[in-house]
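In what follows, a single structure is set out as structure tokens and then discussed.
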Amino acid sequence: MINEKSFKKTSEKQIEKIVNQIKSNITVAPEIAMFLGSGWGEVTASLVENQIVVPYSSIKGMPKCHVVGHSGNFIFGKLAGKNVCIMQGRFHYYEGHDIQDTVILVKIMNALGVKKLVLSNAAGGINESYKPGDIMIIGDHINMLGANPLIGNVEDDGTIKFTDMSEPYNKEYIAKLKSICAKAGAKCHVGTYLQTSGPNYETPAEVRAFRTLGADAVGMSTVCEVIMARYYGMEVAGLSLITNMAAGILPKPLSHAEVVATANECKPKLKEIILNFVSNM
Ligand code: HPA
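Convert by adding 319 to the 1-based position in the sequence shown; the result is the number in the working numbering.
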């Protein structure tokens, strides 16, 4: 059941209480935080050593994850020798959350001292040279959400900060990811990711319009989290698994089943890329 209360914006005070509850569960602060989307997360999470699993549902005041199959856990521990926190389950705008709550996990990670963020997702390929199963290292993005998580994000002195977005995705991370993907035998591209609000997939006309705007892939996550992360000055890496070609490119309808099937097939490759990258960050 959807609880309407969870759609209201979580206040700064509530976030502080959430962070204190999390701190009481962990002994080591994470250095790297990771949002691992469809296909990227499940296997990788199982490799975290000295795991401390904190379900979102065990924390008073956390918004609720509404999407079936998105479990909602913080997984703290060591991966490739680094102290990490993997977040299983994120808060999508299409679930009805306040735009500021779609980035609550980034706010929590910042409060825990995280300076490096890895985001991965499943996306539809707009660039016609892409194929399902390819990896797109996110080089830049377009916010097509019609909303922005920094709106109303007032500083202590009452002002609004104008966040620089000239290097949303860290250039050194992009270069590292290129060689790591090549080593993993993955066909990879560096491209521009566009986030819609969802939850419907795009129309063929929207896909043509997004291509004209310069988008190479489309999805329903990531951009708002990156905006918040750059506000905090975090170093960001983004990866999309192209799970399907976007609407209108192939003569068939889009299905969530296709997205899940491609994500499942690619899991071993995605795991290798994440592990190598984290050890090189
Ligand atoms: N569009 C939007 N989101 C997606 C897609 C798509 O084609 N594939 C996976 N997530």
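Note that CB positions come from ideal geometry on N, CA and C, so glycine has one too. The structure presented is a predicted model; accordingly, all values stated were derived computationally and were not measured.
- In the three-state reduction of the DSSP assignment, D459 falls in the strand class, which pools E and B.
- Not a single heavy atom of the ligand HPA lies less than 7 Å from the C-beta of L464.
- Secondary structure of C404 (DSSP, three-state): strand.
- Short of 6 Å from the beta carbon of A399, and not among the five residues preceding or following it, lie these beta carbons of its own chain, in chain order: L594, V597 and S598.
- In this structure, V542 has its CB at a distance of at least 7 Å from all heavy atoms of the ligand HPA.
- Counted as a single uninterrupted DSSP element, the stretch harbouring S574 is not any alpha helix (DSSP H), since DSSP gives it neither H nor E.
- Using a Cβ distance threshold of 8 Å, V555 and L438 count as a contacting pair.
- Taking C-beta separations shorter than 6 Å and ignoring five residues to either side along the sequence, the partners of W359 in its chain run S439 and L589, following chain order.
- Inter-segment contact for the segment 417-436 and the segment 445-456 is absent: fewer than three beta-carbon pairs are separated by less than 8 Å.
- In the three-state DSSP reduction, M353 falls in the strand class (E or B).
- Restricting attention to I423, T421, D459 and M547, the CA atom closest to the CA of I493 is found in D459.
- For L464, the CB contacts under 8 Å within the same chain, skipping 5 residues up- and downstream, are Y412, I418, Q514, T515, S516, V542 and C543 in chain order.
- Excluding its 5 nearest sequence neighbours in each direction, I592 has C-beta neighbours in its own chain below 8 Å: I454, L496, I499, C500, A503, A505 and L558, listed in chain order.
- The C-beta separation of I371 from I337 comes to about 16 Å, leaving the pair out of contact by the 8 Å criterion.
- Residue pairing for Q514: DSSP places it in a beta bridge opposite N462 and G538.
- Looking at the DSSP output, P374 shares a beta bridge with N392.
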